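In our numbering, the protein residues as written are 379 to 657.
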């Protein structure tokens, strides 16, 4: 029978390349979504719940994520703030689970956006898309506007150049980084680089739109979101892998052995419940 020590040892070898990643550097917002709207970064970007409901989260605990059905325009909203007004390098990270097979072939899922088309107040936007009509099949798409306007001179969209596998009923880690000086976006799913896209814009419009997790404009889908982070820097590959494999479980700002041990204990408890494994 597996012991907790052996489980922890296995986990330590598996995560060895990614421990000691400083995940507080450049962090401007961290919404753990554990039945709470609190921003754990210390920047007080508290969310307001506009019609969503809490659901089972990444660690299979009740009320530790939020669900969107794409019908009633549900979203989690953070008021505009100086920390969210990112005009240069930016990274967005989080977890997505499509909760049931979609009954239609074309869908778009809004993940994180600071983007108000009604008032030409667009800054940045990340969404997942399966829009065969426009050849956006199983893609992550990141958008910015340099002057707040939409399609035209101000807006620029960046596309992942390999398709993702949006398997339903499974949590997927997503991330995008945008290097302002290079006008380059890189996309990641479950720690894997999906490639990137280069544009011409080198700054993001400093608007006053609210930030939304979930619905924004004509986006739809039945999905859940957990552990959303926003950075004012370009995350490294190892930092993204650390987030995708082993999130900062104890929320101390560093992915380290303590996080591995805590999660190994959870897995050992699960094994005990399923197989009667000795801890």
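Here a beta-carbon is modelled for each residue, glycine too, at the ideal position from N, C-alpha and C. A quick note: this is a predicted structure, and the numbers were derived from the prediction, not measured.
{"Check": "DSSP three-state assignment for residue 452, whether helix, strand or coil", "Outcome": "coil"}
{"Check": "Own chain, CB closer than 6 Å to residue 403, minus 5 neighbours either side, in chain order", "Outcome": "none"}
{"Check": "Proximal residues to residue 419 (C-beta, below 7 Å), its chain only, five neighbours per side dropped", "Outcome": "405, 406, 407, 408"}
{"Check": "Nearest residue (CA-CA) to residue 454, options 523, 602, 533", "Outcome": "602"}
{"Check": "One or two residues paired with residue 575 in a DSSP bridge", "Outcome": "563"}
{"Check": "For residue 582 and residue 524, believed in contact at Cβ under 8 Å, the rounded distance", "Outcome": "7 Å"}
{"Check": "Continuous alpha helix (DSSP H) stretch holding residue 623: start and end", "Outcome": "615-623"}
{"Check": "Residue 558 vs residue 472 beta-carbon contact at 8 Å", "Outcome": "no"}
{"Check": "Beta-carbon proximity list for residue 586, same chain, < 7 Å, skipping 5 on both sides", "Outcome": "458, 499"}
{"Check": "Bounding residues of the beta strand (DSSP E) (the contiguous stretch that carries residue 555)", "Outcome": "550-557"}
{"Check": "Option nearest residue 563 by Cα separation, candidates 475, 469, 533, 423", "Outcome": "469"}
{"Check": "N-terminal and C-terminal residue of the beta strand (DSSP E) that residue 428 is part of", "Outcome": "425-428"}
{"Check": "Coarse secondary structure for residue 521, derived from DSSP in three states", "Outcome": "strand"}
{"Check": "Limits of the unbroken beta strand (DSSP E) element including residue 405", "Outcome": "405-409"}
{"Check": "Endpoints, the beta strand (DSSP E) within which residue 475 is located", "Outcome": "468-476"}
{"Check": "Where residue 481 sits in the DSSP three-state scheme", "Outcome": "With a pLDDT of 49 at residue 481, under the threshold of 50, the predicted position of this residue should be treated as unreliable, though the coordinate-derived value follows. DSSP places residue 481 in coil when its eight states are reduced to three."}
{"Check": "Cα-Cα separation between residue 487 and residue 476, rounded to whole angstroms", "Outcome": "9 Å"}
{"Check": "First and last residue of the uninterrupted beta strand (DSSP E) at residue 433", "Outcome": "431-433"}
{"Check": "Integer Cβ distance of residue 539 from residue 572, believed to fall under 8 Å", "Outcome": "7 Å"}
{"Check": "Neighbourhood of residue 501 by C-beta distance below 6 Å, restricted to the same chain and skipping five residues each side", "Outcome": "492, 582, 583, 585"}
{"Check": "Per DSSP, the bridge partner or partners of residue 534", "Outcome": "522"}
{"Check": "Proximal residues to residue 507 (C-beta, below 6 Å), its chain only, five neighbours per side dropped", "Outcome": "486, 514, 517, 519"}
{"Check": "8 Å Cβ cutoff met for residue 613 and residue 576", "Outcome": "no"}
{"Check": "Backbone CA spacing between residue 552 and residue 570 [nearest angstrom]", "Outcome": "9 Å"}
{"Check": "Secondary structure of residue 587, DSSP reduced to three states", "Outcome": "coil"}
{"Check": "Collapsed DSSP secondary structure at residue 439 in the structure displayed", "Outcome": "coil"}
{"Check": "Extent of the continuous beta strand (DSSP E) to which residue 593 belongs", "Outcome": "Where residue 593 is concerned, there is no enclosing beta strand (DSSP E), given that its DSSP letter is neither H nor E."}
{"Check": "Residue nearest to residue 474 in terms of C-alpha spacing, selected from 620, 548, 623", "Outcome": "548"}
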